[in-house]
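Residue 0 is where the sequence shown starts when you use numbering that gives the first Met the number 0, and the numbers rise one by one after that. Positions of the beta carbon are idealized from the N, C-alpha and C atoms, including for glycine. Just so it is clear, the structure is predicted and the values come from calculations on it, not from any experiment. Contents: one structure, followed by commentary.
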Amino acid sequence: MKAIEELICSKYKGVVAPAPANSKACSPLVQQSIFQLASIIKSAGSDPSDITTAIWAAHYRKPERSADEITDLTMNIIGNHCMDFLPTDVWPETLDGVFQFELGVLVDEFYSVNPLPGKIAKAVLAAGYRLNESIAAQRATERDIAVDEMHVMYVNAPDTTSVRQYLEMLYDAGYRKGVTNG
Numbered sequence: 000m001k002a003i004e005e006l007i008c009s010k011y012k013g014v015v016a017p018a019p020a021n022s023k024a025c026s027p028l029v030q031q032s033i034f035q036l037a038s039i040i041k042s043a044g045s046d047p048s049d050i051t052t053a054i055w056a057a058h059y060r061k062p063e064r065s066a067d068e069i070t071d072l073t074m075n076i077i078g079n080h081c082m083d084f085l086p087t088d089v090w091p092e093t094l095d096g097v098f099q100f101e102l103g104v105l106v107d108e109f110y111s112v113n114p115l116p117g118k119i120a121k122a123v124l125a126a127g128y129r130l131n132e133s134i135a136a137q138r139a140t141e142r143d144i145a146v147d148e149m150h151v152m153y154v155n156a157p158d159t160t161s162v163r164q165y166l167e168m169l170y171d172a173g174y175r176k177g178v179t180n181g
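Set out below in structure tokens:
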């Protein structure tokens, strides 16, 4: 018995089981995470696809996974969701696409059971999704660089430049509106 316990404990050492979605025992930090995610979900509207996009755009991800786990996930998605139901042009094409598809399946399944933002947020967090600070920081850095470049263009523009001319300069320089969250 002790050998089995050691085997189980060593395999899952440092792994904490997520709180069940119906658990009322949440730390203040978890409650704040639920509230933050529920706010994102609420602002996304009532379409599960829009909710998935908003959660993804807010940088919620599952922790790193092994190659075997990723292979299993990809095969599961293709076998259970893509093969018979979706045309090949909408299948996930990248690893991020696979991960976003996985999130979409979770949101779709839970939305059909209980479409309340707080309940969806709890389900997403219980499934292991967390705010990925490094992705958020990287995107913030990219944003800061772009804003600095646009500011240089603004400062170097003649004083007689209209707002429309400035916007045209930005467009000509390659700045485009991308996916937004809100």
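{"Item": "Alpha-carbon spacing of residue 99 relative to residue 125, whole angstroms", "Value": "17 Å"}
{"Item": "Distance, residue 117 Cα to residue 46 Cα", "Value": "15 Å"}
{"Item": "C-alpha distance - residue 80 paired with residue 44, whole-angstrom precision", "Value": "24 Å"}
{"Item": "Whether residue 72 touches residue 108 by CB criterion (8 Å)", "Value": "no"}
{"Item": "Residue 153 and residue 170 closer than 8 Å at C-beta", "Value": "no"}
{"Item": "Straight-line gap, residue 133 to residue 55 (C-alpha atoms, nearest Å)", "Value": "14 Å"}
{"Item": "Spatial distance of residue 142 from residue 136 (CA atoms)", "Value": "10 Å"}
{"Item": "Enclosing alpha helix (DSSP H) for residue 116 [first to last residue]", "Value": "116-125"}
{"Item": "6 Å Cβ shell around residue 39 - same chain, five flanking residues per side excluded", "Value": "53 and 57"}
{"Item": "Straight-line gap, residue 90 to residue 103 (C-alpha atoms, nearest Å)", "Value": "13 Å"}
{"Item": "Rounded C-alpha distance that separates residue 123 from residue 106", "Value": "8 Å"}
{"Item": "Which listed residue (121, 155, 172 and 156) has its alpha carbon closest to that of residue 145", "Value": "172"}
{"Item": "Opposing strand residues paired with residue 129 [DSSP bridges]", "Value": "60"}
{"Item": "Minimum C-alpha distance to residue 76 - residue among 155, 140 and 96", "Value": "96"}
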